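Trainee: Sharing a structure, written as structure tokens. Questions coming.
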Amino acid sequence: MVDRQRVVIVGGGFTGLYAGKKLEKLLPASAAELVIVSPTDHLTYSPLLPDVTASVIEPRHVAVSLRQTLPRHKLVVGHTTSVDPEAKTLTISKTERGVVSDETQVLSYDKLLLAPGAVTRRFPIPGVSENARGVKTITEAAFVRDHLLSQLDAADSLPDDPRFDAERAERMTVVAVGAGYTGTEIVAQTHRWLSRVADRWSSIDVRDVKWLLIDVAPAVLPELGPRLGQYALSALKGRGIDVRLGVSVASVEGNVINLTDGTPIPSRTLIWGAGIMANPLMGTLGLPLDRGRLVVDAKMKVAGADDVWAAGDAAAVPDLAKPKPADGPQPITPPTAQHAQRQGTAVGKNIAAAFGIGQAADYVHKDLGLVADLGGGTAVAKPLGIEMTGLPAKIVARGYHLYALPAMSNRIRVLTDWALHAVLPPQAVALNQTRPEDALITPAQNTDIYPKAEEKPKVG
6 MVDRQRVVIV GGGFTGLYAG KKLEKLLPAS AAELVIVSPT DHLTYSPLLP DVTASVIEPR
66 HVAVSLRQTL PRHKLVVGHT TSVDPEAKTL TISKTERGVV SDETQVLSYD KLLLAPGAVT
126 RRFPIPGVSE NARGVKTITE AAFVRDHLLS QLDAADSLPD DPRFDAERAE RMTVVAVGAG
186 YTGTEIVAQT HRWLSRVADR WSSIDVRDVK WLLIDVAPAV LPELGPRLGQ YALSALKGRG
246 IDVRLGVSVA SVEGNVINLT DGTPIPSRTL IWGAGIMANP LMGTLGLPLD RGRLVVDAKM
306 KVAGADDVWA AGDAAAVPDL AKPKPADGPQ PITPPTAQHA QRQGTAVGKN IAAAFGIGQA
366 ADYVHKDLGL VADLGGGTAV AKPLGIEMTG LPAKIVARGY HLYALPAMSN RIRVLTDWAL
426 HAVLPPQAVA LNQTRPEDAL ITPAQNTDIY PKAEEKPKVG
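Heads up: the sequence shown begins at 6 in this note's numbering, then just goes up one per residue.
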């Protein structure tokens, strides 16, 4: 009798979950032991985190249980901090209640899928690490929601005295960096939510809250094209949101955010949504990278490492649906949930092919389009290249999210949340269950547990 091989998946995001589902379907239990290593016991459906910050959806409803979705997998909760392709082992730092412990575990594998996903992209800007709040995890999204309420509560309780005007202004100013999906949706949805709960406060007027959305890019939502980007920009400005393009943060000093154009912004709220980058684990492997993402071939195999595949936001998967430029390399797939999900299914099939089940195939997927929910009946969408705005775009956006949620129970819960939000007064309760220091980007995403590594350029 041949011993079962161990297949290990690193990462419980879209790629890891869908790869696991496909492996459970294709591989008989007698052929392989399946293991998934994840920092949490759930997949976070991150496209709906703006709904969490706007108190539209309960946080747990965007968390998809890995144990329930992948019943044949053994779940190891922890961060993979290193991989030894020669010894075919990986080292895991155990995680308990989101905190990485000193306890480690060495796990061997026969076949390995690296799908650790992405983390919030940051830059070496003075004061940002100590003050910026990301919205990449449920912890961060829930904290931002509570933080906004707490700041306005504090401003409301200040004495009506000119000596407190400066503090009141700081607490009533919100600065968000990044006019892509994360920053734009969060600002649009939380602005609308706070406007709907204005009667919570007696001494301040929510219309006096200053909202500032900034980005070095020349447009809002550039991925959707100029017309939809202009529609979103007009919608934001129509709500009184100050959008400044071609500018970013130069430094944060105390309660002052200094912009690159020299403007100081007194504020106690800095939301950081300026893009993502591959999980730092990829930089520790000593293998070729492409802008931080692990280089793979079209079948998502990793060159120079036997029985190792990589996919999702942390892998540079060739985008064969796009033409190869005559004077450049093949484009790589963008780091979107849409590609991560489909790459997971495809790489699951390719790993099964290594067991003699089916044939390995190149990954090819033509983008189905993108959506952005701006709150209320305002949204933009581009399904299959068709530009849509307003209520039709809203229906498409919500329909897509319900379709893409991996578990039926989560779909029902999210749909119920949306329905209740439409007919009931919006919730305005700050639970304050997360300490401010735990909701900063580095501790919330545990990006400091990996050794610094120089990027090895891709070959060829």
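Every residue, glycine too, gets a C-beta built ideally from N, C-alpha and C.
Here the structure is a predicted model, which is why all the values come from computation and not from measurement.
What first and last residue would you give for the alpha helix (DSSP H) that runs through G404?
Mentor: G404 -> alpha helix (DSSP H) spans G395 to A409.
Trainee: At the level of alpha carbons, what is the spacing between V214 and Y236?
Mentor: Distance between the alpha carbons of V214 and Y236: 23 Å.
Trainee: From the DSSP output, in three-state form, read off T265 for me.
Mentor: Reduced to three states, the DSSP call for T265 is coil.
Trainee: How is K215 classed by DSSP in three states: helix, strand or coil?
Mentor: Residue state, collapsed to three classes: strand.
Trainee: Count the other C-beta atoms from every protein chain shown that fall within 10 angstroms of the C-beta of E460, then say buried if there are 16 or more, exposed otherwise.
Mentor: For E460, the pLDDT reaches just 45, beneath the cut-off of 50, and the residue's location in the model is therefore unreliable, leaving the point undetermined.
Trainee: Quick check: the region 359-366 against the region 375-383, are at least 3 beta-carbon pairs closer than 8 Å?
Mentor: The answer is no - the region 359-366 does not touch the region 375-383, with fewer than three Cβ pairs under 8 Å.
Trainee: Who are the Cβ neighbours of I262 in its own chain at under 7 Å, not counting the five residues just before and after it?
Mentor: Correct list, in chain order: V180, V254, I270, S272 and L275.
Trainee: Should T421 go down as buried or exposed, given a rule of 16 or more other Cβ atoms within 10 Å for buried?
Mentor: Exposed, since its Cβ has fewer than 16 Cβ neighbours within 10 Å.
Trainee: Restricting to Cα atoms, I'd like to know which of E258, V67 and G183 is closest to I281.
Mentor: Nearest of E258, V67 and G183 to I281, Cα basis: G183.
Trainee: How is S155 classed by DSSP in three states: helix, strand or coil?
Mentor: DSSP places S155 in helix when its eight states are reduced to three.
Trainee: If I measure Cβ to Cβ from G230 and keep anything under 8 Å in the same chain, skipping five residues before and after, which residues do I get?
Mentor: Excluding sequence neighbours, G230 sits near K387 and E392.
Trainee: How about P52 and A147: do their beta carbons lie closer than 8 Å?
Mentor: Not in contact: P52 and A147 (Cβ atoms no closer than 8 Å).
Trainee: What residue range does the alpha helix (DSSP H) around W423 cover?
Mentor: Here the alpha helix (DSSP H) through W423 covers M413 to V428.
Trainee: Mind checking whether R72 and L39 have CB atoms under 8 Å apart?
Mentor: For R72 and L39, no; Cβs fall outside 8 Å.
Trainee: Take the Cβ of N466 as the centre, count every other Cβ of all protein chains shown within 10 Å, and call the residue buried at 16 or more, exposed below.
Mentor: One cannot answer for residue 466 here, as it falls past the ends of the chain, which runs 6 to 465.
Trainee: E228 by DSSP, collapsed to three states: which one?
Mentor: Here E228 sits in helix by DSSP.
Trainee: Does the Cβ of A326 have 16 or more other Cβ atoms within 10 Å, making it buried, or fewer, making it exposed?
Mentor: The residue in question, A326, is exposed, as its Cβ has fewer than 16 Cβ neighbours within 10 Å.
Trainee: Tell me the DSSP bridge mates of K306?
Mentor: W314, per the DSSP bridge assignment.
Trainee: Which same chain residues, not among the five before or five after T142, have their C-beta less than 6 Å away from its C-beta?
Mentor: Once the five neighbours on either side are set aside, the close Cβ partners of T142 are A449.
Trainee: Under 6 Å Cβ to Cβ from D324, same chain only, skipping five residues before and after it: list those, please.
Mentor: Once the five neighbours on either side are set aside, the close Cβ partners of D324 are P336, I337 and T338.
Trainee: When DSSP labels each residue in this structure, what does P462 get in the three-state scheme?
Mentor: Residue confidence for P462 is low, a pLDDT of 45 falling below 50, so the modelled location carries little weight; the figure read from the coordinates is stated next. P462: strand per DSSP, three-state reduction.
Trainee: So is D220 buried or exposed if we call it buried at 16+ other beta carbons inside 10 Å?
Mentor: By the 10 Å Cβ count, D220 comes out buried.
Trainee: So what's V61 in DSSP terms, helix, strand or just coil?
Mentor: If DSSP states are grouped into helix, strand and coil, V61 belongs with coil.
Trainee: Have a look at the DSSP bridge pairing and note the partners of K99.
Mentor: Note: K99 sits in a beta bridge opposite G83.
Trainee: Can you give the beta carbon distance from W216 to D247, rounded, assuming they're within the 8 Å contact cut?
Mentor: The Cβ separation is near 6 Å, so the contact holds.
Trainee: Who are the near neighbours of V464 in its chain, counting only those whose CB is closer than 6 Å to its CB and skipping five residues on each side?
Mentor: For V464, the predicted model reports a pLDDT of 42, less than 50, meaning its position is unreliable and no value from the coordinates is stated.
Trainee: Compare the C-beta of G349 with all C-beta atoms of chain C and state if any pair is closer than 8 Å.
Mentor: The displayed structure is made up of one protein chain only, and chain C is not part of it.
Trainee: Would you tell me roughly how many angstroms separate the C-alpha atoms of V105 and S98, rounded to the nearest one?
Mentor: Taking the straight line joining both Cα atoms gives about 6 Å.
Trainee: Whole-angstrom Cβ separation of L407 and L389, contact assumed at under 8 Å?
Mentor: Going by Cβ atoms, the distance from L407 to L389 rounds to 18 Å, so no, they are not a contact pair.
Trainee: Exposed or buried, V69, counting other C-beta atoms within 10 Å across all chains shown (16 or more means buried)?
Mentor: With 16 or more other Cβ atoms within 10 Å, it is buried.
Trainee: With a 10 Å radius around its C-beta and 16 neighbouring C-beta atoms as the bar for buried, classify V301 as buried or exposed.
Mentor: Answer is buried; the Cβ neighbour count reaches 16.
Trainee: Start and end of the beta strand (DSSP E) containing T447?
Mentor: Here T447 belongs to no beta strand (DSSP E); instead the alpha helix (DSSP H) covers I446 to Q450.
Trainee: For the putative contact between V4 and K93, defined by C-beta atoms under 8 Å, what is the C-beta separation to the nearest angstrom?
Mentor: Here the chain comprises residues numbered 6 to 465, so residue 4 is not present and cannot be evaluated.
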